[in-house]
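So the protein sequences, as listed, match chains A and B. Numbered per this note's numbering, the first sequence spans residues 1 to 228. Numbered per this note's numbering, the second sequence spans residues 229 to 456. Everything on this sheet refers to the single structure shown next.
Protein chains: 2
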Amino acid sequence: MSMIMDDEYLPLRDVVFNTLRQEILTGKLKPGERLMEIHLANKLGVSRTPIREAIRKLELEGLVIMIPRRGAEVAQISWKSLKDVLEVRSALDALAIELACERMGQEELELLYKACERFEEATETRDTRKIAEADVAFHDIIVMSTGNKRLIQLVNNLSEQMYRYRFEYIKDESQHDMLVQEHKEMYRSIQCKDKKAAASVVKKHIDNQEEAIIRQLQLEKGEKKHRK
Amino acid sequence: MSMIMDDEYLPLRDVVFNTLRQEILTGKLKPGERLMEIHLANKLGVSRTPIREAIRKLELEGLVIMIPRRGAEVAQISWKSLKDVLEVRSALDALAIELACERMGQEELELLYKACERFEEATETRDTRKIAEADVAFHDIIVMSTGNKRLIQLVNNLSEQMYRYRFEYIKDESQHDMLVQEHKEMYRSIQCKDKKAAASVVKKHIDNQEEAIIRQLQLEKGEKKHRK
DNA sequence: GGGGATCGGAATGGATTCATTAAACTATAA
DNA sequence: TTATAGTTTAATGAATCCATTCCGATCCCC
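Set out below in structure tokens:
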């Protein structure tokens, strides 16, 4: 707990919030695992208060669920809840790219082009981490260009909910060409301000992700059965 | 603080959360007003802890903003932020009604019909409160019928952000006929499973709301100027 | 007389303490 | 041996306490 005062002040509760959030999203804290205040307080070297306040926020985000008089645990991710998230994301990403068609300026368009190229380069390195980052960067430019703060917040939120699966998705190299193609199509659609085309590419993009994630889930299920 | 143990247990923080939330949404707590922990604790007859935890959740919802080392205050609603919310709501409500077209069962369809009738009756009473409730009930049926928990949560959240304006909107009796018509159209579209029509009615519905709210805002601005 | 510094009050940030409750374990009886 | 009841333990809920910081007012010096 020494590297936190880097350049700006952040209340402890927010540090804890971000920490726990990351641990849940990256799978370090597994679904169903109990979040015990004292234990976390010891582990993170703070008192219970910031832990509790962080948990309240995670609760509202749906990342943890509260059981009255029992405490918090990491929310289960069911197939259904994932489908729910993807359904909403699909609509919001479509909205985002339509707005981007209207609102993206010349400089941003160039940034997007560069991000597109960088993503293609990243796929060639086969460095999963790098690919994921380039992908996020690309999508961020689109979403940010809408200038709609609420939309930005919601999309970020929803995409983070799927991070643990995204890694697996990106690992699958057979998908890479398609991903690059889809990104290029998005770029072109925005460049031409063709809202319809843009929206349909995004929806296809998310559908692909959904399929990949479902495959992933079934794979995991299989492994579990096998281990038993 | 005595009527709260009605039938089920609710942690104090959630009681406080709901209370503060209502007061903000109904305008009892005005934008910019400071939320002082001790003061609220005295007022509500609880200690600071549940107050703080409630405020954390309100912060994540965007209803209050935290100023470091200064405390919380009720978030300002700018024209821009309202437009942002409406933009997102429009997309999500459209998604909701499209899904409703696919998924709504016969019983729910009948419920929706009844809600539609009840709304029409409510407009005739001219009881603003009743009308608002009937309106909420109608939309709730649609959103709930999607079965998408995340979508339900988000739409509820976003609509509540506009409650203070909605009252004013509903007061305007010249709009009532149009509202009733739009509700009927929504019902029919869902009944025929006509997704396109449904989505376009919803978008029109929200556009109307936006206009009404803008009128309302300008009115308030005028009043303010006048009072000066 | 004006500007700056210092002191005081007040509010938040965080920790500790106390009470309540629920779950688990053990012991006893059938 | 199993089931039930009682006890114990551990974790959350809530309140109080201490430290830090910030804003404002007053006072002193230029």
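All C-beta atoms, glycine included, are put in the ideal place defined by N, C-alpha and C. Source: prediction; values computed, not measured.
Where residue i falls: helix, strand or coil (DSSP)
i: Glu133 of chain A; result: helix
i: Ala287 of chain A; result: Coverage of chain A is limited to positions 1 through 228, which leaves residue 287 of chain A absent and any answer about it impossible.
i: Leu35 of chain A; result: strand
i: Leu29 of chain A; result: coil
i: Thr374 of chain B; result: coil
i: Arg103 of chain A; result: helix
i: Arg443 of chain B; result: helix
i: Asp194 of chain A; result: coil
i: Asn436 of chain B; result: helix
i: Arg472 of chain B; result: This structure leaves residue 472 of chain B out entirely; chain B is present only between 229 and 456.
i: Lys228 of chain A; result: Confidence is the limiting factor: at Lys228 of chain A the pLDDT is only 36, short of 50, which leaves the residue's position unreliable, though a coordinate-based value still follows. Lys228 of chain A: coil per DSSP, three-state reduction.
C-alpha distance - residue i paired with residue j, whole-angstrom precision
i: Met162 of chain A; j: Asp140 of chain A; result: 16 Å
i: Pro68 of chain A; j: Trp79 of chain A; result: 25 Å
i: Asp177 of chain A; j: Ile214 of chain A; result: 20 Å
i: Glu117 of chain A; j: Ala198 of chain A; result: 18 Å
i: Ala72 of chain A; j: Ile24 of chain A; result: 13 Å
i: Ile142 of chain A; j: Thr125 of chain A; result: 24 Å
i: Ile206 of chain A; j: Ala94 of chain A; result: 10 Å
i: Leu60 of chain A; j: Lys271 of chain B; result: 25 Å
i: Lys83 of chain A; j: Ser402 of chain B; result: 41 Å
i: Gln106 of chain A; j: Gly255 of chain B; result: 42 Å
i: Lys228 of chain A; j: Tyr237 of chain B; result: Legend: pLDDT at Lys228 of chain A = 36, less than 50; position of this residue unreliable, no value from coordinates given.
i: Leu20 of chain A; j: Leu12 of chain A; result: 12 Å
i: Ala115 of chain A; j: Lys377 of chain B; result: 34 Å
i: Val274 of chain B; j: Leu263 of chain B; result: 15 Å
i: Glu261 of chain B; j: Lys399 of chain B; result: 26 Å
i: Gln444 of chain B; j: Pro259 of chain B; result: 16 Å
i: Glu210 of chain A; j: Ser200 of chain A; result: 15 Å
i: Ile305 of chain B; j: Asp127 of chain A; result: 44 Å
i: Glu410 of chain B; j: Leu29 of chain A; result: 47 Å
i: Arg70 of chain A; j: Thr374 of chain B; result: 31 Å
i: Gln22 of chain A; j: Pro278 of chain B; result: 26 Å
i: Leu281 of chain B; j: Asp194 of chain A; result: It is Glu, not Leu, that sits at residue 281 of chain B in the sequence shown. Each residue's Cα considered, the two are about 46 Å apart.
i: Ile266 of chain B; j: Asn385 of chain B; result: 28 Å
i: Arg276 of chain B; j: Leu337 of chain B; result: 46 Å
i: Glu448 of chain B; j: Ala41 of chain A; result: 48 Å
i: Met294 of chain B; j: Met66 of chain A; result: 24 Å
i: Leu63 of chain A; j: Val292 of chain B; result: 21 Å
Range covered by the beta strand (DSSP E) that runs through residue i
i: Met178 of chain A; result: Where Met178 of chain A is concerned, there is no enclosing beta strand (DSSP E), although the alpha helix (DSSP H) it sits in stretches over His176 to Gln191.
i: Val234 of chain A; result: The requested residue 234 of chain A does not occur in the structure, where chain A is confined to residues 1 to 228.
The alpha helix (DSSP H) enclosing residue i, as first and last residue numbers
i: Gln22 of chain A; result: Leu12 to Leu25
i: Tyr391 of chain B; result: Tyr391 to Lys399
i: Arg284 of chain B; result: Arg276 to Glu289
i: Arg378 of chain B; result: Lys377 to Glu388
i: Tyr113 of chain A; result: Gln106 to Thr125
Minimum C-alpha distance to residue i - residue among the options
i: Asp363 of chain B; options: B:Val313, B:Pro278, B:Lys412 and B:Pro259; result: B:Lys412
i: Glu326 of chain B; options: B:Ile359, B:Met372 and B:Thr351; result: B:Met372
i: Val16 of chain A; options: A:Lys57, A:Arg34, A:Phe119 and A:Glu33; result: A:Lys57
i: Met104 of chain A; options: A:Glu33, A:Gly32 and A:Cys192; result: A:Cys192
i: Cys329 of chain B; options: B:Gln437, B:Gln446 and B:Val430; result: B:Val430
i: Val408 of chain B; options: B:Pro278, B:Lys256, B:Thr351 and B:Leu382; result: B:Thr351
i: Ser232 of chain A; options: A:Met66, A:Met36, A:Tyr113 and A:Leu29; result: Nothing about residue 232 of chain A can be reported from this structure: the residues present for chain A run from 1 to 228 only.
i: Tyr415 of chain B; options: B:Glu361, B:Glu348 and B:Thr356; result: B:Glu348
i: Ala91 of chain A; options: A:Glu133, A:Thr128 and A:Leu154; result: A:Leu154
i: Glu315 of chain B; options: B:Ser387, B:Leu337 and B:Arg392; result: B:Ser387
i: Val74 of chain A; options: A:Ile55, A:Val85 and A:Arg89; result: A:Ile55
i: Ile131 of chain A; options: A:Ile38, A:Phe167 and A:Ala96; result: A:Phe167
i: Asn208 of chain A; options: A:Arg52, A:Lys196 and A:Tyr169; result: A:Tyr169
i: Leu151 of chain A; options: B:Leu337, B:Ser309 and B:Glu265; result: B:Ser309
i: Gly96 of chain A; options: A:His39, A:Ile65 and A:Phe138; result: As written in the sequence, residue 96 of chain A is Ala, which differs from the Gly given in the question. The shortest Cα separation from Ala96 of chain A among A:His39, A:Ile65 and A:Phe138 belongs to A:Phe138.
i: Gln218 of chain A; options: A:Lys204, A:Arg129, A:Pro50 and A:Tyr165; result: A:Tyr165
_By the 7 Å beta-carbon criterion, what residues does the region 85-101 of chain A contribute toward chain B?_
Val85, Glu87, Val88, Ala91, Leu92 and Leu95
*Taking any Cβ of chain B, which residues in the region 151-164 of chain A have a Cβ under 7 Å from it, in chain order?*
Leu151 and Leu154
*Below 7 Å between beta carbons is the criterion; list the residues of the region 274-292 of chain B that meet it against any residue of chain A, in chain order.*
Arg280, Glu281, Arg284, Lys285, Leu288 and Glu289
*Interfacial residues, the region 22-47 of chain A to chain B, with Cβ spacing under 7 Å*: none
*Could you list the residues in the region 122-150 of chain A with a C-beta less than 9 Å from some C-beta on chain B, going in chain order?*
Thr146, Gly147, Asn148, Lys149 and Arg150
*Taking only beta carbons into account, state which residues of the region 425-442 of chain B come closer than 9 Å to chain A, listed in chain order.*
none
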